[in-house]
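Top line first, the protein sequences correspond to chains P and X.
Heads up: the first sequence runs through residues 666 to 1322, numbered per my numbering.
Heads up: the second sequence runs through residues 1139 to 1408, numbered per my numbering.
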Amino acid sequence: MTIRNALRDHGQRYRPRMACLKKAEKVLLEMQDPCTGVKSQPQRLVITIIPHAITGEDIIAWLADRFQIDAQEARSFGSMLVALGYIYPLQDHKRLVIKPDASLYRFQTPYFWPTQQWPVEDTDYAIYLAKRNIRKKGILELHEQEQYNHLHKWMNHKWDFVVMQAKEQYRAAKERKKPDRVVFDCQERAYWVVHRPPPGTVSAMDYGLDRRTDPNTDETQTPDYYERIMIFTQQSIMRPRVKSSVSIGALVKYSATYSGHDPFLSKCLPSSPWLTDDTTYWTMNMSNVEIPTKMRVERWTFSFKELLSDPRGRDDFRLFLKKEFSGENLAFWEGCEDLKWGTAVTMREKAEQIYKTFLARGAPRWINIDGKTMEITVKGLKHPHRYVLDAAQTHIYMLMKKDSYGRYLKSPVFKETLKKAICPEEHKFNEVQLEQNARNRRPSLSPIIIRQQEQEQRAKMAANAPVDITQLCRFTTPVPHLAVYTGIPDPPSVTASPSLPFLAHTPVCPSPISVALDSTSASERRMEASDGEGNAEVRAPEGGNLSKSRMALSLRRLLKRGCSPSAMFASLSPKCHTAATTSSRIQPITPDEPSQAPPRRIGNFFQIKVDIPPECRIYPIESEDEDEENRPASRDAVVTEEIICPWESLTRQNGTG
Amino acid sequence: MTSQADTELRLAVMSRWRRSVDELTAGRRRQQAECERAQNALSRVTSCFQQLAASLGSSADSSFLREEMDETRALAHRICSGLSRRLLRLLSACDSAPVACDSAPVACDSAPVAVDDRHAAERLWVLFLSAVENFLSDLRRAKDLIGQFPLTQRSSRRSLVNTGCTDGPVGLAARVALVQIPWLVLEEEPSPDLTNHIASLEAQLGELQQRVPVAFWSVESTQPAWAEVLSDAEDPEESLEDLMEVEVASSGGGSIRLPACCQGTCCWVG
């Protein structure tokens, strides 16, 4: 039963509002005027004469005159009226177009108009099909037969009613005079051609998904409704204003830039799939295509946003950054996007992973953001939510946009891509080929499969991630299961587990400064910068000034030593056994390393004491620094450190997982 | 001695009981037949109503048409109310029948009959509700159209859509008048106007659904698919294509009949 149920299930059951219907009705009523409307003529049939037939050319002429448009547009407008079902063709009734010749049309009666309020009922369609069955002795079209069988199965409980009603309607129609009968039959047939077209037809009544609210009902004026209006107006008042010259100028500029790329305003090479049913355009512009089209590459030059939003452009940019060893910016940005748009279940883990990989002291792919942003971000990470990395992401985005993007456009990578880009030729299909294309229409890849492919690709990329630091350590290992590093790992095997495949090959672990030095373009700046300035940027002191000065002290001390930074830091890093000063090269870990517990020397920058208040946790402890200098190569079994996220409690009891 | 008297007494009771059951069954059958006839009549009246409503807003629209519509609607209203009452009575009777059966000391063979009756009553119920639903959607559409095309002034006739129909209700009125339902004469009720009619039907529909717990999916149709194709043994109807033939004067002097609607070979079924 399709009785409207009293339950409000908030389901999506309503047709969306089609605003064109009311407007079309107005136009149609204007056409009826005996003086200024469309000229009608009688249609002569063998058995009778039926008035009120109009020719296609008359309709087009009337529309062109009324709206002051050219013939082509009037023709499209007329075709739209036919496609919606307000006018139906008398000859060739299945093709809902207007032909600009003497072919005849007639107006549809208002009972059969596709008005917003009346959805098309399946019961009516079942009755119609039963009537047709009776009349044509069972000869129906293929799709009608299928529909009939389907409805018979699903409406079985009211099928007797359907058949009875069909018979009665059939007999009732016979009571009318012959011309009226013919007209009514034509009307009904036209109605169902519009609302139940054969499969594969592009129908004007396609509207996508159903909506949650009924557009026909008036909205009740509850206090909630008024409150929403008030909030809306308040926000409108608070909105910052832009001079119209500026905003219009921006619109004009946008239109000028993009008009050549708009598939409606200009040609779509090779051909628009919606017009010719040929999908070359889509296959050529897929996200993982090797050679992009020239138009696509040109779009990347419009703005940085265009470049990033096109997957192929992003790949190209990533390649360029890899060559420049500043890929962590893009990786961080992508990680933030992933966090923002990902599922809530994985959010916490993702935030931790991003912190460990990009933000923490000693992170393998440390990004260069200013102190204030870092402070805000780390504070926010105590209670991670979807937008906690927004400030940092914006900063990195602006950095990439202002700096790397410009260089990318001048780079050989881009020039190469531009040279190789193809410019396809336009298709010229004739009618026969167009019909063949329409017959060969196939559905595209299911979005589930596309998503799976994307995930596979992402996993593959993560597996051979371009490591843009000169040294590898176990922190650069991609950790697929997002292991949480917690507390002090007493048994070394526990900590060694997540990164086994990498451990054998990892040499020393770099400190963030070396990473920063090698990889970012700001690294040169840092080396030259004065200590205080550099420190203020890099490690925003949250504690008192004491720690700031201590950090300044430590860095200055380190830089004064005169060794190359990498050697210095190598000596201090946990895995180095050799004396600091003797080696100036990174040495790989000896093969017997993984079997025993690698004695962890704590680099200054990693040690975190338990009794330090949480806020200062990420900063090195200066007292150890002094001590370290005095025992350069001592092998105390010291408390090792994993990078602890600042929002985790510092109990050592946190096991793995 | 006493046992024989007992047996005789029992037999007498049984025969009286059986007679009453038979009477009940016959009564129920009569009621069912009456309801089925009423259902047919309702279908007829609603089909006529639909034909009339299809002319609303077109060039065939007139105040005469609207009066005809009102009369048809009133008739449908009377049939609906009478039929709903009788169906309710029928269903409740079928409900009580199995109970009476259980109390009989001897296994009665009216049990399957009662179940069949119950099925038939449910089927009629479902058909009635579908018919009312269908009629309701027609009523709503008619109300909207009357609102959109009021025939109050002479000038409003200019905006009527030129659909090719010239007059609507001829012949339909006669068909409607043929409807013979026993209670139409007996139970005279004032007919409501359109808005009230719609509102009352909606209320009735909701109420009926809630009062009688009939599982509509358990009702099956009595006819298989495509059965109606063979059913119509009346005068063979011409297809729409035949009706729409045009005469084309050929050069040879004779006239060729061509189907007006489809010139090409695109459809052979039309």
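Cβ atoms here follow ideal geometry from the backbone N, Cα and C, with glycine treated the same way.
A residue is called buried once 16 or more other Cβ atoms fall within 10 Å of its Cβ, and P/PRO844 is buried on that count.
Interface residue (Cβ-Cβ distance to chain X less than 8 Å): P/GLN781 is not classified as such. Within the stretch 1261-1273 of chain X, ARG1261, VAL1264, LEU1265, LEU1267, SER1268, ALA1269, GLU1271 and ASN1272 place their CB atoms closer than 8 Å to a CB of chain P, listed in sequence order. The beta-carbon of P/ARG1104 is placed no less than 8 Å from the nearest beta-carbon of chain X. Residues of chain P whose Cβ lies closer than 8 Å to the Cβ of X/GLU1366 are, in chain order, ALA795, ASN798, ILE799, VAL828, ALA831 and LYS832. Short of 8 Å from the beta carbon of X/ARG1313, and not among the five residues preceding or following it, lie these beta carbons of its own chain, in chain order: ARG1182 and CYS1186. Counting only runs of at least 4 residues, the stretch 1290-1371 of chain X fully encloses the following alpha helix (DSSP H) elements, listed from N- to C-terminal order: 1310-1315, 1320-1324, 1332-1349 and 1366-1369.
The stretch 766-778 of chain P and the stretch 746-757 of chain P touch, with no fewer than 3 CB-CB distances between them shorter than 8 Å.
The beta-carbon distance between P/LEU1054 and P/ILE1019, rounded to whole angstroms, is 7 Å. This is short enough to meet the 8 Å contact definition. In this structure the stretch 991-1000 of chain P does not touch the stretch 1087-1102 of chain P; the number of beta carbon pairs closer than 8 Å is below three.
In the structure shown, X/ILE1217 adopts helical secondary structure according to DSSP, grouped into three states.
Here DSSP, grouped into helix, strand and coil, assigns X/ARG1256 to helix. Three or more Cβ pairs closer than 8 Å define a contact, and the stretch 817-837 of chain P meets that threshold against the stretch 791-800 of chain P.
Residue burial annotation: P/TRP939 is exposed, with fewer than 16 other C-beta atoms found within 10 angstroms of its C-beta. In this structure, the CA atom of P/ILE896 is about 15 Å from the CA atom of P/THR887. Around the beta carbon of P/PHE967, fewer than 16 other beta carbons lie within 10 angstroms, which makes this residue exposed.
For the pair X/ARG1175 and X/ILE1319, the Cα-to-Cα distance works out to about 8 Å. Using a CB distance cut-off of 8 Å, P/VAL917 does not count as an interface residue toward chain X. Annotated three-state conformation of P/GLN900 is helix, per DSSP.
Contact of P/LEU934 with chain X is not assigned, every C-beta pair being separated by 8 Å or more.
Under the 8 Å criterion on CB atoms, X/ALA1192 is classed as interfacial with respect to chain P. In its own chain, leaving out the 5 sequence neighbours on each side, no residue places its CB closer than 6 Å to the CB of P/ALA915. Among the CB atoms of chain X, one or more fall inside 8 Å of the CB of P/ASN821.
The beta-carbon of P/TRP824 is placed less than 8 Å from the nearest beta-carbon of chain X. In the DSSP annotation of this structure, P/ARG709 is not part of any alpha helix (DSSP H); the continuous beta strand (DSSP E) holding it starts and ends at 706-709. In the three-state DSSP reduction, X/ARG1166 falls in the helix class (H, G or I). Separation of X/GLU1209 and P/ASN821 (C-alpha to C-alpha, rounded to the nearest whole angstrom) is 32 Å. Beta-bridge partners of P/PRO1029 (DSSP): none assigned. Judged by beta-carbon spacing, P/ILE719 lies beyond the 8 Å limit of P/GLY743, meaning their Cβ atoms are not closer than that value. In the structure shown, the three-state DSSP call for P/TYR751 is coil. Under the DSSP definition of a beta bridge, P/LEU769 partners with P/THR720. Residue range 807-819 is occupied by the alpha helix (DSSP H) that includes P/HIS808. P/TYR872 carries a coil assignment under DSSP once its states are collapsed to helix, strand and coil. Inclusion of X/ALA1269 and X/GLN1177 in the CB contact set at 8 Å is warranted, their separation being smaller than that value. A residue is called buried when at least 16 other Cβ atoms come within 10 angstroms of its Cβ; P/THR878 does not meet this threshold and is exposed. Looking at the DSSP output, P/TYR891 sits in no beta bridge, so it has no partner there.
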